[in-house]
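So the structure is just underneath, and the comments pick up after that.
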Amino acid sequence: MLLPPANGLHQRMRLTSAELADNTALANTCNAYERIELKLNMDMLEQRAGEFVEDFLYYAEGELVGFLGMYGFHSSEVELSGMVHPDHRRRGIFRTLLRAAQAECKARAIPKQIVITPAGSPSGKACMTALQASYSFSEYTMHLQRPPQRLDASAIQLRQATVDDIAHLAQLDALGFHMSWEDAESYTRNTLLQPGKRSYLAVLQQQPDRPIGKITVLLHRGSAFIYGFVVHPDHQKRGYGRQILTETIRLLLDDQCGQISLEVACENAHALGLYHSCGFEEASANDYYVITI
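Numbering (this note's numbering) for the sequence shown: 680 to 972.
This is the structure in structure tokens:
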């Protein structure tokens, strides 16, 4: 007979199946209570490498009542996303989880934490105010509602990237997301090795050896999430971005993906226009706040 988890904080490198189930149940409770959609990256929680402590759980009387996850994409910052059961708020649980995550960041010399808060969550905003966190930006989560019209005379071709393409992918990430070469190379290598993730390089038909863009998709339980979308600065404003996105959607639909999603900064009017024209519509929004050690 399994004993219930001890009360208080638990730190994990990888969640068990029971802890994942508890986390899903807690997320469902919090989402229903505030009519929000927490961004918890369940796919990443299920596929933790187990190299570092990245998940923090808080139990009370055998029930998971608090959770905070760390999501690192390069060496200088992590994103944090978490929740506390509505019946257990205002008891310092989130601060306990956050202090544990900050201690882990300090031990790993990660100076910056970005906390993700649903835009429609009054409790989330109040928490960020109490923590004196600095608002940084907001993003929409968008879902594909109608397939875009396929372009007949596409000038580009997509091919799935391999480990031989790390230099090309890293260069595009460094240019597109203002990352250092070291962070871009490490991030690219990890992405290629993770199950369910595919990166595609876009090349011009007349120059197949010189990639002009990249895009990455995460496949998880019949759904797809598009991210890491970059067009080389020398090839922007020529319609290549639309062609890359349209072709990616076609590949995903051919794979029978039931839901195709992406995220975009709310103030990025150009990208919003592109995604709307390709059949995406806003489903929810998240605010990002910065806490610096």
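Beta carbons: idealized from backbone N, C-alpha and C, even for Gly.
First through last residue of the beta strand (DSSP E) which encompasses Arg838 | Segment 835 to 839, the beta strand (DSSP E) holding Arg838.
Using three-state DSSP, classify Gln726 as helix, strand or coil.
-> In the structure shown, Gln726 adopts coil according to DSSP, grouped into three states.
C-beta contact flag for Tyr967 and Phe816 at 9 Å | Result yes, Cβ atoms of Tyr967 and Phe816 sit closer than 9 Å.
How big is the Cα-Cα spacing for Leu854 and His911?
-> If I take the Cα positions, the gap works out to 7 Å.
Hey, would you say Ser963 sits closer than 9 Å to Ile795, going by beta carbons?
-> Judged by their CB atoms, Ser963 and Ile795 are not nearer to each other than the 9 Å cut-off.
Around the C-beta of His857, are 16 or more other C-beta atoms found within 10 angstroms, so that it is buried, or is it exposed?
-> The Cβ neighbour count for His857, taken over all protein chains shown within 10 Å, is under 16; the residue is labelled exposed.
Write down the C-beta distance between Leu688 and Thr775 rounded to the nearest angstrom, noting that I regard them as a contact closer than 8 Å.
-> A Cβ-Cβ separation of about 6 Å places Leu688 in contact with Thr775 under the 8 Å criterion.
Curious, which full-length alpha helix (DSSP H) runs of at least 4 residues does the region 753 to 841 contain?
-> Runs of the alpha helix (DSSP H) inside the region 753 to 841: 772 to 786, 801 to 809.
Measure from the alpha carbon of Ala739 to the alpha carbon of each residue in Leu810, Pro801, Asn686, Ala846, then state which is nearest.
-> The candidate whose alpha carbon is nearest that of Ala739 is Asn686.
Grouping DSSP H, G and I as helix and E and B as strand, with all else coil, what is Glu851?
-> Here residue 851 turns out to be Leu, not Glu, going by the sequence shown. In this structure, DSSP gives Leu851 a helical state, which the three-state scheme calls helix.
Kindly give me the distance between the Cβ atoms of Val969 and Ile772, rounded to whole angstroms, as I take these residues to be in contact under 8 Å.
-> Val969 to Ile772, Cβ: 22 Å. No contact.
Who are Ile939's beta bridge partners in DSSP?
-> The partner list for Ile939 (beta bridge, DSSP) reads Ala903.
Pick from Leu694, Ala944, Gly892: whose alpha carbon is nearest that of Leu743?
-> Out of Leu694, Ala944, Gly892, Leu694 has the C-alpha closest to the C-alpha of Leu743.
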